[in-house]
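Chains V and C, in that order, give the protein sequences.
Residue numbering for the first sequence follows the working numbering, starting at 1 and increasing by one per position.
Residue numbering for the second sequence follows the working numbering, starting at 1001 and increasing by one per position.
The C-beta atom is built at its ideal place from N, Cα and C for all residues, glycine as well.
Let me begin by presenting the structure, written as structure tokens, before commenting on it.
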Amino acid sequence: MLRRTLLASAAAVLATAGLASGAQAQTLVMWGPEQITEPLIAELWNGLKADFEAANPGVTVEFMPPTGTISNGAVQSAIQSNAGPDVILTNSGIARVTTVVDAKLVAPLTAAYAERGWDKQIYPWLYAELQRQRGGEIYEVPDGLDALGVWYHKDMFAANGWTMPATYAEFLDLLGKIKDKGIMPIAIGPRTAGSAGHLFGNMLQSASGSEAVGKAVSGELSWTDPSMVGGAVRLRELVDKGYIDKEMAALDLDGAARLWFNKRAALFVAGPWFTANARKAEYDLANAGYAPMPSDLGPGKPTGGVGWSWLVPANSKQPELAMKWIDFILSDAVMKKRAENAASTMIYPRALDGVNPPTAILGDIFAAAAAGVGYNPSVYLPASVVDTYFQVIQGIISAQISGEDAMAQIEAKMAEVK
Amino acid sequence: MATRLTTAARRGIARPKVAHRARRAGREALTSAIPLLLPALAIYALFSLLPIFLTFWLSFTDSRGLNTSASFVGLSNYGRAAADPIVWQSLVHTFQWLLGHLLMAGGLGLILALAVSRLRLTRVVFRTAFFLPHLVSLAVVGVIWANIYDPFYGLLNTALDRLGLGALSQGWLSDPLLVLFSVNVASSWQGFGLYMLLFIAGLQNIDHSLYEAAEIDGANGWQQLWYVTLPGLAEVMTFVVSLAMINGLKGFATVFVMTNGGPFYQSELITTYIYRLAFSMQDHGLAAVLCVLLSTLAIGITVVFNHWRGRLAR
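What follows is the structure, given as structure tokens:
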């Protein structure tokens, strides 16, 4: 009898232990981060993973290296495969997020904002912007903001006595001087959709101002309005004057960046994330300078918007764990750790006191963006328009269409959406 | 007479019996065949018929993705496709691509097969070397050739410059008139090896005595090619043409990797446009219409070509 009781008790203990361990052993599959293969980035994220796992016994975080973004359908494919991630870190912005929201691939997070206090952990203007975008329903948690401006080589500029000008007229003059030196003035890789949009967004804002661009991306102002067309016309002029080589239409971001890193090109439009590309190319970041695109309308400011966000797939197998992970990411400790890490490549979604940027160039970018950033249309335009937007930029760079034609085609697509 | 009637009557009675037996045997064979066929039929239905049906159904809906509820919109997507200039442009490009693939990959396959067949000691070496590109994935081929074509660092323009032929340097992937051709060269480079092997197999089946007879009749090399070799390759050639046309219609990977349809749609094929519509813009309805169009084209071209080939054979 005693033996039977002991055996039964042992079996019960074993079963309970088994159930308990089964309930606690959880895996959170995370899509991202980009460039996880870069040692610095891998070190940072492996550290975060270890911290999270230590704080949540039984939980394992698995990184799923991204094969692409929402723009090229990789995120959608990963979610639809149903063997995909539980939480996603990817390039965002309203256009991209709308694509996966409309396809019902991601879960709404509005309630979580209120319940978990996320609304207090990002800039108030950013929270208001997110609330405005989809009738109050929010589907993303911003991880980082972009601030796109002009990168230049300090040594090249110093050797030639060049400085980044304040007005567009002076900027044109500078481009002429650079070309006369036998250096390509601007490098661009429009085969990578984002890269095409970085320069074009800067040109639009420089010519029309951020308010006009903001109205245009939200459909309040026609893209063919005379106050909007200027940037596209100017871009075509840069091509016609040889300040942008037509053959760059065939380049992707890496190809164009290579021209800049090798100093065959003087200027490149990019954001804080370009520091990662620079490190990979073994470019001396201390030599990199950054300035907003000059404008005749007043002091220039970077274009940008939400660059990267956290999304929770509608079919996430670990939705609660995904929320915990986002809590963890938004915590002061993690945000400071990331902001001060050498692998830091972005502006964080809330003000961080007492944080020293790891590189001087990031300090320059933070300073340029301190007064806010304008609109990068690539991340604000509706998904069905953004493809046309990228194509017409290629059309201008390859001198196939005029600035006016380009804007007319964007407006036609906007009209379809309306 | 009575005997004849009896025999005829017997035959009359016997025929239904034989037919009945045959029918029964047929039924039994069918009964035992069905369970054996079922797994294959189920797989075929699941992986071929169902996707075909779903695609056709999607083409009549406003579906934005698998997780969304789609409404029936009739022929609206077909109307949108007809009114979309990019569809027409990509259709023209698809035909240009198909023709280019046929001529470059098929043509090069034939020329190299003829050349390699004349070799004795080094035949295996060259045959293997020429076939090797076919073993490389099209995506990798795309990356390699995109680097070869790079306007500033690429092998092609650099080589032209070094040879003093800098004037021939081009924006191989940026020039609207060149881009489709340039990408097709890369794709054909990957594809010609298979066609070459098929042609070599065909050449080995030509009776050698025909060449001896032609030689005795005084036929020179070109005449032997024209009157003996090419007619002897007719069967293989029609097969290669069919295969090349189908492969041409399927062109996707190299374009996707090297240009993504650009610049400004100048290398857009129906296949790349389908991908963008379905996975970037989530416009599954319009993408499904183009899938239906592409399938119809593939079936139409194959049927017409086979019909023409049949008439030619008669």
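When DSSP states are grouped into helix, strand and coil, G149 (chain V) belongs to the strand group.
Annotated as distal: P292 (chain V) and M346 (chain V), with beta-carbon spacing of 7 Å or more. Residues of the segment 232–261 of chain V with a C-beta atom less than 9 Å from some C-beta of chain C are D245, K246, E247, M248, A249, A250, L251, D252, G255, R258, L259, listed in chain order. Put simply, of C:A1253, C:A1081, C:T1094, C:F1152 the residue whose alpha carbon is nearest the alpha carbon of I188 (chain V) is C:F1152. For S1117 (chain C), the uninterrupted alpha helix (DSSP H) segment begins and ends at 1107–1117. Under the 7 Å criterion on CB atoms, M1245 (chain C) is classed as non-interfacial with respect to chain V.
The DSSP-derived three-state label of M228 (chain V) is helix.
Judged by DSSP in its simplified three-state form, M64 (chain V) adopts strand.
Judged by their CB atoms, L1155 (chain C) and F1130 (chain C) are not nearer to each other than the 7 Å cut-off. Relative to V1124 (chain C), the option among C:T1094, C:I1200, C:L1249 whose CA is nearest is C:I1200.
Within the DSSP bridge table, the entry for L311 (chain V) names V:I88 as partners.
Among the residues facing chain C, Q76 (chain V) is included, as its CB has a counterpart in that chain under 7 Å away. In the structure shown, P142 (chain V) adopts extended strand secondary structure according to DSSP, grouped into three states.
C-alpha of A207 (chain V) to C-alpha of L174 (chain V): approximately 17 Å in a straight line.
The beta strand (DSSP E) runs lying completely inside the segment 287–355 of chain V and spanning 3 residues or more are 288–291, 303–311, given in chain order. Taking C-beta atoms as the reference points, V306 (chain V) and G93 (chain V) count as a pair closer than 7 Å. Cβ atoms of I183 (chain V) and I397 (chain V) stay farther apart than 8 Å, at about 18 Å.
Residue burial annotation: D1161 (chain C) is exposed, with fewer than 16 other C-beta atoms found within 10 angstroms of its C-beta.
Spanning the alpha carbons of W1088 (chain C) and M228 (chain V) requires a straight line of approximately 30 Å.
Counting along the chain, L1091 (chain C) sits inside the alpha helix (DSSP H) bounded by residues 1085–1101. In the displayed model, M248 (chain V) falls within a helix according to three-state DSSP. Secondary structure note for Q26 (chain V): it is in no alpha helix (DSSP H), and the uninterrupted beta strand (DSSP E) holding it is 26–31. DSSP, reduced to helix, strand and coil, places L1294 (chain C) within a helical segment of the structure shown. Contact of N1260 (chain C) with chain V by beta-carbon distance below 7 Å involves R191. When beta bridges are read from the DSSP output, V1073 (chain C) appears opposite no residue.
If you check the CB distance, T1094 (chain C) and A1186 (chain C) do not come in under 7 Å.
For P185 (chain V), the three-state secondary structure derived from DSSP is strand. Contact annotation for Y1149 (chain C) against chain V: A250 [CB-CB distance below 9 Å, chain order]. Comparing alpha-carbon positions, the option among V:V385, V:A193, V:P39, V:D364 lying closest to A286 (chain V) turns out to be V:D364. Under a criterion of Cβ atoms nearer than 7 Å, the residues of chain C adjacent to D387 (chain V) are, in order, R1276, S1280, M1281.
In the three-state scheme derived from DSSP, where H, G and I count as helix and E and B as strand, V1136 (chain C) is classed as coil. Between V97 (chain V) and Y139 (chain V), the beta carbon gap of about 6 Å places them in contact (Cβ cut-off 8 Å). With fewer than 16 other CB atoms across the displayed protein chains lying within 10 angstroms of its CB, W1308 (chain C) is exposed. F1053 (chain C) and D143 (chain V) have their C-alpha atoms spaced approximately 42 Å apart. Take the alpha-carbon of A278 (chain V) and the one of L259 (chain V): they are about 12 Å apart. When DSSP reads this structure, F268 (chain V) sits in a beta bridge with V:W151, V:A187.
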